[in-house]
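For reference, the structure discussed in these notes is given below.
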C-alpha cells in the first residue's frame with residue numbers, strides 16, 4: 584500500500600491492489616529466467632554470456648532511441664533482450680545478435696505501438712528476421728556443449744565484423760541440435776541429458792527442467808496464465824504420442840518431443856505474453872492447442888527441424904479470431920423481449 | 252490545386268508533371284500497381300526496365316487515348332482503353348524479347364501484365380480520356396517518372412542489401428553477408444514499407460522547411 588501522511592486518507596477505489604505494475608511483471612520474468620541463463624553460461628561459456636549481454640544492451644539502446652524515455656526503466660527491453668539472447672544459437676556473430684535485437688525493439692515493438700501493442704511477440708519478430716535474412720548463419724552457429732576452453736574464449740565466428748561474413752568457418756558439429764539429428768535420422772540424445780540440458784542448441788533452450796521450473800515460478804506469481812502452457816504442452820504431448828504410436832521408427836517419443844528444442848522456452852515465456860495471447864479462458868485452451876498442433880506438424884512434416892518459432896507466430900495471428908469466437912455472452916443476450 | 256476528382260480543363264500541365272513525381276507519386280503515395288512493384292524489384296536493372304516499359308506504355312496510350320477521346324463511346328470506354336494499352340504492351344514485350352532476352356526472362360510474366368497495371372488505367376481514366384494531348388502527355392511523363400523513382404529506389408535497396416551489388420556492380424565489401432530475405436518477396440514488402448515511411452518523413456520535413464519564412 585502507498586504510504587500516507589494522513590491518518591485517514593480519502594481517495595477513490597480501488598483501495599487494494601495487486602501491485603502488478605509492468606516493472607514487477609518484468610522482474611518476475613527475469614527472475615524465472617535466471618536459472619536457465621546461469622546454466623547457459625555454464626554450458627556454453629563466454630559465447631552464451633556475450634550473446635545475452637549484447638542482445639540486452641542492443642534492446643536497451645533501441646528502446647532509448649525509439650521509445651518514450653519513461654519506458655526505459657520498466658524492464659521490458661531487458662526482458663526482450665534476455666529472451667532473444669536465450670533463443671539464438673551461441674556462436675552467432677554478435678553483430679547479428681545486436682541487429683536482431685534492434686529489429687525486435689524498433690520494428691517488432693515500437694512500430695506496432697510500443698509495449699502491449701504488437702500482435703506478434705517482438706522477440707519472435709527479431710528472431711524470424713534473423714532466420715530469414717541470415718539462414719546459413721542461423722543454421723550453423725551451434726556450439727558443442729561443455730566444450731573445453733569455453734570459459735576463456737569466444738567462438739571465432741562471434742567476433743565477425745559488422746555486416747561481414749565471419750572469416751573462420753562455423754564449428755559445424757554434426758547433428759547440430761538434438762532435433763536436427765532426429766530429422767537427419769540419427770540417434771537422438773538420451774532422455775536424461777535432453778531434460779537436464781547438457782546438449783547442443785540455442786543459448787537458453789536446452790534445459791527443459793530449468794525452464795519448467797521458471798515457468799512454474801511465473802504461474803505461482805500469477806504473472807502468466809497457466810492454461811496456455813498447459814494446453815500447448817498437452818497438445819504437443821497428445822499429438823506426438825499419437826504419431827509415435829502409429830510409427831515409432833519415424834516419430835520421436837512424447838517425452839523426447841516435450842524436452843527438445845525451444846518448446847519449453849516458447850510455451851512458458853513467449854506464448855504467454857499478454858499482448859499476443861487470448862484473454863478468455865476457453866480462448867487460452869484453444870490457442871495452446873493450435874500452437875501445439877502446429878509445432879508437431881512443422882517438426883514432423885516439413886523441412887524444418889524446429890517449428891516452435893513459426894508455430895508461435897501463426898498462433899498469435901489466430902489470437903484476435905479466438906478472442907472473437909470465445910467472447911463471453913452478456914447475460915441478457917438472446918433473451919426474448 | 253483543383254478539387255479532388257474535378258480536374259479543370261485549363262489545369263497546368265507542368266503542375267501535373269510535378270504532382271506525379273512527388274506529391275501524388277503512384278508507388279509511395281497512391282500505392283498503385285503494387286504487383287510489379289513487389290515482384291520485379293529484386294534488382295536495380297529489373298526495376299529500371301520495368302519502370303521504363305511501364306512509362307512507355309503509359310505515355311503512348313495516354314497520347315492515343317487523348318487524341319481519340321472525342322469518339323470513344325462512354326459505355327465501352329474501359330474496353331477501348333484496355334485495347335490501346337494492350338497494343339503498346341505487346342509492342343514493348345516483343346521489343347524487350349528481341350533486344351534483351353535475358354531481361355525478358357528475368358521479368359517473366361510481369362511485362363505482359365503491365366496491361367492490367369491499375370496505375371496506367373487510373374491515369375487514362377482520370378487524365379487522358381478528358382484532357383488535351385499536351386496535358387495528358389505531361390501527366391503520363393510525371394507519373395512514369397514517379398513510378399521510376401519508387402521502383403528503382405526499391406530495386407536498388409533490395410539489390411544492395413540482398414546481394415551487395417548495385418546495378419550488377421559489386422559495391423559492398425567482399426565478405427559482406429547478404430541479407431537473403433531482401434531477395435525474397437517478404438523483403439519487398441518491408442522495404443516498401445520502410446520507403447513509404449522515409450518518403451512521408453522527408454516530405455513532411457520539406458514542407459516544414461518551406462513554410463519557415465526566409
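Chains as they are written, first to last, in the numbering used here: chain A, 584 to 920; chain B, 252 to 465.
Glycine included, C-beta positions come from ideal geometry on N, C-alpha and C.
Cβ neighbour criterion (16 or more within 10 Å) applied to residue 584 of chain A: As a first step, residue 584 of chain A must be located in the first chain, where it is residue number 1. Bear in mind that the predicted position of residue 584 of chain A carries a pLDDT of just 46, short of 50, making it unreliable; the figure below should be weighed with that in mind. So residue 584 of chain A counts as exposed.
For the alpha helix (DSSP H) containing residue 892 of chain A, name the first residue and the last one. Here residue 892 of chain A refers to the residue found at position 309 when the first chain is read from its first residue. 891-908 is the extent of the alpha helix (DSSP H) around residue 892 of chain A.
Residues of chain B with CB under 9 Å from residue 740 of chain A, in chain order? For the purposes of this step, residue 740 of chain A is taken as residue 157 along the first chain, with counting starting at 1. Going along chain B, no residue has its Cβ under 9 Å from residue 740 of chain A, so there is no contact; the nearest lies around 11 Å.
Taking the continuous alpha helix (DSSP H) assigned at residue 737 of chain A, which residues delimit it? Here residue 737 of chain A corresponds to residue number 154 of the first chain, with the count starting at 1. Residue 737 of chain A -> no alpha helix (DSSP H), and no H or E assigned at all.
Quick check: what's the CA-CA separation for residue 442 of chain B versus residue 657 of chain A? Along the second chain, read from residue 1 onward, the residue named residue 442 of chain B stands at position 191. Along the first chain, read from residue 1 onward, the residue named residue 657 of chain A stands at position 74. Rounded to the nearest angstrom, the two C-alpha atoms are 31 Å apart.
Could you spell out where the alpha helix (DSSP H) holding residue 458 of chain B opens and where it closes? In the second chain, counting from the first residue as 1, residue 458 of chain B sits at position 207. Looking at the DSSP string, the run of the alpha helix (DSSP H) that includes residue 458 of chain B is 436-462.
Contact list for the segment 762-777 of chain A against chain B, Cβ threshold 7 Å: none
Where residue 427 of chain B sits in the DSSP three-state scheme: Against the second chain, residue 427 of chain B aligns to sequence position 176. Three-state DSSP puts residue 427 of chain B in a strand.
Flag residue 720 of chain A as yes if its beta-carbon sits less than 9 Å from any beta-carbon of chain B, otherwise no. Locating residue 720 of chain A in the first chain gives position 137, where the first residue counts as 1. It does; some Cβ of chain B falls within 9 Å.
Three-state secondary structure (DSSP) of residue 416 of chain B: Numbered from its first residue, the second chain carries residue 416 of chain B at position 165. In the structure shown, residue 416 of chain B sits in a strand (DSSP, three-state: E or B).
Between the Cα of residue 727 of chain A and those of A:889, A:624, A:865 and A:903, spot the shortest distance and give me the residue it belongs to. Numbered from 1 along the first chain, position 144 holds the residue referred to as residue 727 of chain A. Nearest option by C-alpha distance: A:624.
Apart from the five residues just before and just after residue 264 of chain B, which ones in its own chain have a Cβ nearer than 6 Å to its Cβ? In the second chain, residue 264 of chain B corresponds to position 13, counting from 1. Cβ within range, chain order: 385, 386 and 389.
Since residue 706 of chain A and residue 686 of chain A are thought to touch, with beta carbons under 8 Å apart, how far apart are those beta carbons, to the nearest angstrom? Along the first chain, one-based indexing puts residue 706 of chain A at 123. Along the first chain, one-based indexing puts residue 686 of chain A at 103. About 10 Å; that fails the 8 Å criterion.
What does residue 747 of chain A pair with, by DSSP beta-bridge criteria? Your numbering for residue 747 of chain A matches position 164 in the first chain. According to DSSP, residue 747 of chain A bridges with B:427.
Taking 9 Å as the CB-CB limit, is residue 410 of chain B close to chain A? The residue you call residue 410 of chain B lines up with position 159 of the second chain. No Cβ of chain A is located within less than 9 Å of the beta carbon of residue 410 of chain B.
With a cut-off of 9 Å, does the C-beta of residue 712 of chain A fall near any C-beta of chain B? One-based indexing of the first chain puts residue 712 of chain A at position 129. Yes - at least one Cβ of chain B is within 9 Å of the one on residue 712 of chain A.
Beta-carbon proximity check, residue 840 of chain A vs residue 848 of chain A, cutoff 9 Å: Residue mapping note: residue 840 of chain A aligns to position 257 of the first chain, counting from 1. Residue mapping note: residue 848 of chain A aligns to position 265 of the first chain, counting from 1. No, Cβ-Cβ distance for residue 840 of chain A and residue 848 of chain A is not below 9 Å.
Measuring CB to CB, does residue 622 of chain A end up less than 9 Å from residue 790 of chain A? As a working mapping, residue 622 of chain A is identified with position 39 in the first chain. As a working mapping, residue 790 of chain A is identified with position 207 in the first chain. In this structure, residue 622 of chain A places its C-beta atom within 9 Å of the C-beta atom of residue 790 of chain A.
Contact set between the segment 417-441 of chain B and chain A, restricted to residues whose Cβ is under 9 Å from the partner: 423, 424, 425, 426, 427, 428, 429, 430, 431, 432, 433, 435, 437, 438 and 441
Just how far apart, CA to CA, sit residue 699 of chain A and residue 902 of chain A? Taking the first chain and counting its residues from 1, the one referred to as residue 699 of chain A is at position 116. Taking the first chain and counting its residues from 1, the one referred to as residue 902 of chain A is at position 319. About 14 Å.
Where do the ends of the alpha helix (DSSP H) carrying residue 631 of chain A lie? Counting from 1 along the first chain, the entry for residue 631 of chain A is found at position 48. 629-649 is the span of the alpha helix (DSSP H), which, as asked, contains residue 631 of chain A.
List the endpoints of the continuous alpha helix (DSSP H) containing residue 355 of chain B. Taking the second chain and counting its residues from 1, one reaches residue 355 of chain B at position 104. From DSSP, the alpha helix (DSSP H) with residue 355 of chain B extends over 352-358.
What in chain B is Cβ-close to residue 687 of chain A, meaning under 7 Å? Numbered from its first residue, the first chain carries residue 687 of chain A at position 104. At a C-beta separation below 7 Å, residue 687 of chain A has no neighbours in chain B, since its nearest C-beta there lies roughly 14 Å away.
Tell me the residue span of the alpha helix (DSSP H) that contains residue 319 of chain B. By 1-based counting over the second chain, the position of residue 319 of chain B is 68. Unbroken run through residue 319 of chain B: none, as it is neither H nor E.
Host alpha helix (DSSP H) of residue 805 of chain A (start-end): Here residue 805 of chain A is taken as the residue at index 222 of the first chain, counted from 1. Premise fails: residue 805 of chain A is in no alpha helix (DSSP H) and is neither H nor E.
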